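For my numbering, add 1 to where a residue sits in the sequence shown, where the first one is 1.
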Amino acid sequence: MRFKLLLVFLLLQVSLCAQDIYPSHWWTGMKNNKLQLMIRSDKDIAVDKLIVRSSSPQVKVLKVHRLQNRHYIFVDLEIAKNAKPQKLTFSFGGIIRSEWSSVDFELKARSSGNGKSRIQGVTAKDLVYLIMPDRFSNGDPTNDFYTDMRDQGHDRNNPFDRHGGDLQGVENHLDYLHDLGVTAVWMTPVVENDMARTMEGGTSRATYHGYAFTNQYQIDKRLGGNNAYHSLISAAHKKGMKIIQDAVYNHLGKDHFLIRDLPDSSWLNRWPSYTNTSYKDQPLVDPYASTIDYKTALDGWFTPFLADINQRNPFVSNFLIQHAIWATEEFGIDGWRVDTYFYSDPVFLNKVNEALYREFPKVTVFGEAWVQSVTNSAYFCENNIAVPFKHNSQGVTDFPLYFATNDLLNQNYGWNEGANKFYQVLAQDVLYKNPMRNCIFLDNHDLDRFYSVIGEDFSKYKMAINLLLTQRGIPQLYYGSEILMKNFKNPTDAEVRRDFPGGWPGDAVNKFTAAGRTAQENEAFGYIKALANFRKTATAIGSGKLMQYLPKDGVYTYFRYDKNQTVMVISHTGGQPFRPDWNYLSERTNGFTRLRNVITGDVIPITGFEIKPKESFVFELLK
Numbered sequence: 002m003r004f005k006l007l008l009v010f011l012l013l014q015v016s017l018c019a020q021d022i023y024p025s026h027w028w029t030g031m032k033n034n035k036l037q038l039m040i041r042s043d044k045d046i047a048v049d050k051l052i053v054r055s056s057s058p059q060v061k062v063l064k065v066h067r068l069q070n071r072h073y074i075f076v077d078l079e080i081a082k083n084a085k086p087q088k089l090t091f092s093f094g095g096i097i098r099s100e101w102s103s104v105d106f107e108l109k110a111r112s113s114g115n116g117k118s119r120i121q122g123v124t125a126k127d128l129v130y131l132i133m134p135d136r137f138s139n140g141d142p143t144n145d146f147y148t149d150m151r152d153q154g155h156d157r158n159n160p161f162d163r164h165g166g167d168l169q170g171v172e173n174h175l176d177y178l179h180d181l182g183v184t185a186v187w188m189t190p191v192v193e194n195d196m197a198r199t200m201e202g203g204t205s206r207a208t209y210h211g212y213a214f215t216n217q218y219q220i221d222k223r224l225g226g227n228n229a230y231h232s233l234i235s236a237a238h239k240k241g242m243k244i245i246q247d248a249v250y251n252h253l254g255k256d257h258f259l260i261r262d263l264p265d266s267s268w269l270n271r272w273p274s275y276t277n278t279s280y281k282d283q284p285l286v287d288p289y290a291s292t293i294d295y296k297t298a299l300d301g302w303f304t305p306f307l308a309d310i311n312q313r314n315p316f317v318s319n320f321l322i323q324h325a326i327w328a329t330e331e332f333g334i335d336g337w338r339v340d341t342y343f344y345s346d347p348v349f350l351n352k353v354n355e356a357l358y359r360e361f362p363k364v365t366v367f368g369e370a371w372v373q374s375v376t377n378s379a380y381f382c383e384n385n386i387a388v389p390f391k392h393n394s395q396g397v398t399d400f401p402l403y404f405a406t407n408d409l410l411n412q413n414y415g416w417n418e419g420a421n422k423f424y425q426v427l428a429q430d431v432l433y434k435n436p437m438r439n440c441i442f443l444d445n446h447d448l449d450r451f452y453s454v455i456g457e458d459f460s461k462y463k464m465a466i467n468l469l470l471t472q473r474g475i476p477q478l479y480y481g482s483e484i485l486m487k488n489f490k491n492p493t494d495a496e497v498r499r500d501f502p503g504g505w506p507g508d509a510v511n512k513f514t515a516a517g518r519t520a521q522e523n524e525a526f527g528y529i530k531a532l533a534n535f536r537k538t539a540t541a542i543g544s545g546k547l548m549q550y551l552p553k554d555g556v557y558t559y560f561r562y563d564k565n566q567t568v569m570v571i572s573h574t575g576g577q578p579f580r581p582d583w584n585y586l587s588e589r590t591n592g593f594t595r596l597r598n599v600i601t602g603d604v605i606p607i608t609g610f611e612i613k614p615k616e617s618f619v620f621e622l623l624k
């Protein structure tokens, strides 16, 4: 009888494709043994009855939910703590047998390498390299475009088209990155962006940047798809390198299946008429903020073609949280950078972070908090501020320190300007619970390239690299900075997202090789390489303490130190040669007699050392 019943199911089922169940699969042994499946079809799903078939009774259906749109059902499951890996079949339908459907689902065993060979987290010991895959290297030209996708554009001469860079291109150059001293790779989103082109500023544009998701469970096939992502991460881990994934919780691309076919009207933050976010973080922190300013900042749409989703809806929340867990376990992601962090519902943000921490104790999460003040920056992560709501992100992208770095490099020295501004921003680290978890940077895909910002001044370049690779926090280098790539965001962001020369077959030059770089580009590459590889074993930088001294005559000095090592960083932003007062610095220099330049290896006596304007040095102190 059981065989006959199963045969009837098989003969009469209306099959759903594998991508019509989300998550596509799951794992046994999760700390949270509850799971909510979303089953989707292009027609109404009959669900008067639901049967789960499995090899063992270790999966229990707790509840089945219907929303306004009958194309969806949501199934709450409880997975026994002792459940074994197994395959399940969900059969469901109505009174009429022809209405019955079925979909398969698999429970897999969790990876044994979690926290060891994978999902290790990212720390201040690492150097993060930020890549926009479409603009880095084309490792597989066969995936440049697909006729079944909404945007089939592919033109390297058009800054707003896709250029063909992919995950295979990144994998092909892992040795290049490893040689440079990179230990972690963060890529702008690799998730499917099957978006039609948008009109921005009167120009037709592709979502080559990756921030307009259309299906979280698929890696964009123009980047190589899920298999290529698996391959890249596996290859990176074998080289001792980590992977950071870029998350977007705040919005979905307008062509996401959840937007084109809404499960119900409450999935979006809706307004009587289109309302853009104010892009202002202050109302989210301000104790005197009006309700409308708070709501506009949080629930306003980022752009008209990026739908703002309602994370207060429990089904939305579950969908996003489960994907974060799924992607971490599936691919072995070591950390998450969360885009547009403060635009998302704060309660939801804490939920998704806590869910990740529970399943993956070593995973790293830092949010993009594009703010001006240290107070507001600290507010959006673990902090020491007496505020009613406490965020649990481990760190943020440290924009206040970014702005202060630019001031140090470009402003004349003054009471509150230049090097003093940098000192003052760091002096507010008391607001962060652990500022070492902040991601620090000189530029990224949304900012003017820093070599242009400093006027292509190579002395300032070395000073900037010294600051980036020795300060507290997790340093992030934007692709191409090591070869002096430059440009301003004029007229658009595309100018700071140009292709890496040599990443495409037939490129006139290949700057992945020393032979393809100019003498100064090789000097820049070598400078970063020397300092980046030094910091791999420099315990004073990776986990040591920081002590800074008030700038004098434009000279800014700080020390990174622990019981085994002392590193001194000194930078001159003033106008006259300067001899350090070693008595003034004696708290950190007593007992040391020599300075070893970590770039050149040269050793000089402490006494008699003089620094000239625009010079900057990283010294290891020797007895």
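Don't be surprised by glycine CBs; every beta carbon is placed ideally from N, CA and C.
Values in this document were obtained by computation on a predicted structure and should not be read as measured data.
- In chain order, what residues of the same chain have a beta carbon less than 6 Å from the beta carbon of Arg111, not counting five sequence neighbours either side? Trp28, Gly30
- In whole angstroms, what is the alpha-carbon distance linking Gly140 and Ser235? Looking at the two C-alpha atoms, the distance is approximately 17 Å.
- Assign Gln323 to buried or exposed, taking buried as 16 or more other Cβ atoms, counted over all protein chains shown, within 10 Å of its Cβ. Classification of Gln323: buried, given that the 10 Å Cβ count is 16 or more.
- Query: Cβ of Glu355 within 8 Å of Cβ of Asn393?
  - Reply: yes
- Task: Mark Tyr480 as exposed unless 16 or more other C-beta atoms lie within 10 angstroms of its C-beta, in which case mark it buried.
- Result: buried
- Task: Under 6 Å Cβ to Cβ from Tyr130, same chain only, skipping five residues before and after it: list those, please.
- Result: Leu178, Val183, Val186, Leu478
- Message: Can you check which of these residues, Phe146, Leu36, Val249, Thr297, is closest to Phe106 by C-alpha distance?
- Response: Leu36
- Query: In the DSSP assignment, what are the bridge partners of Arg580?
  - Reply: Arg580 is not bridged to any residue.
- Evaluate Leu547 with the Cβ neighbour count: other Cβ atoms within 10 Å of its Cβ, from every protein chain shown; 16 or more gives buried, anything less gives exposed. buried
- Burial state of Trp101, where buried means 16 or more other Cβ atoms lie within 10 Å: buried
- Kindly list the residues whose CB is nearer than 7 Å to the CB of Phe10, restricted to its own chain and excluding five residues on each side of it in sequence; keep chain order. Because the pLDDT of Phe10 is 35, which lies under 50, any placement of that residue in the model is unreliable, and the number read from its coordinates should be weighed accordingly. Once the five neighbours on either side are set aside, the close Cβ partners of Phe10 are Ser92, Trp101, Ser103.
- Taking just the CA atoms, how far does Phe451 sit from Glu457? 9 Å
- Task: Look at the alpha carbon of Ser460 and the alpha carbon of Asn251, and state the distance between them as a whole number of angstroms.
- Result: 40 Å
- Message: So, with DSSP's three-state summary, where would you put Ser92?
- Response: Correct three-state label for Ser92: strand.
- Item | Continuous alpha helix (DSSP H) assignments of at least 4 residues falling wholly in the region 261–295 | 283–286
- Between the Cα of Pro347 and those of Thr304, Phe306, Ala298, Tyr23, spot the shortest distance and give me the residue it belongs to. Ala298
- Exposed or buried, which one is Phe489 when buried takes at least 16 other CB atoms within 10 Å? When all chains shown are included, Phe489 counts as exposed.
- Task: Out of Arg136, Leu402, Pro436, Gln429, point me to the one whose CA is closest to Leu443's CA.
- Result: Leu402
- Helix, strand or coil at Ile607 according to DSSP, with G and I counted as helix: coil
- Query: Is Ala541 near Gln566, with beta carbons less than 8 Å apart?
  - Reply: yes
- Query: By Cβ distance below 8 Å, which residues in the same chain neighbour Ile220 in space, the five residues on each side in sequence not counted?
  - Reply: Leu168, Val191, Val192, Glu193, Gly226, Asn227, Ala229, Tyr230
- Query: What does a CB cutoff of less than 8 Å around Asn467 pick up in its chain, not counting 5 residues either side in sequence?
  - Reply: Leu532, Val570, Ser572, Ser617, Phe618, Val619
- Query: Going by the CB atoms, is the gap between Ala197 and Asp1 shorter than 8 Å?
  - Reply: What is shown of the chain runs 2 to 624, which leaves residue 1 out entirely.
- Message: DSSP has Trp187 in a bridge; who is on the other side?
- Response: Leu131, Ile245
- Query: Do the region 304–314 and the region 252–260 meet, that is, are 3 or more Cβ pairs less than 8 Å apart?
  - Reply: Yes, the region 304–314 is in contact with the region 252–260.
- Between which two residues does the alpha helix (DSSP H) containing Asn319 stretch? Asn319: member of the alpha helix (DSSP H) spanning 315–332, first to last residue.
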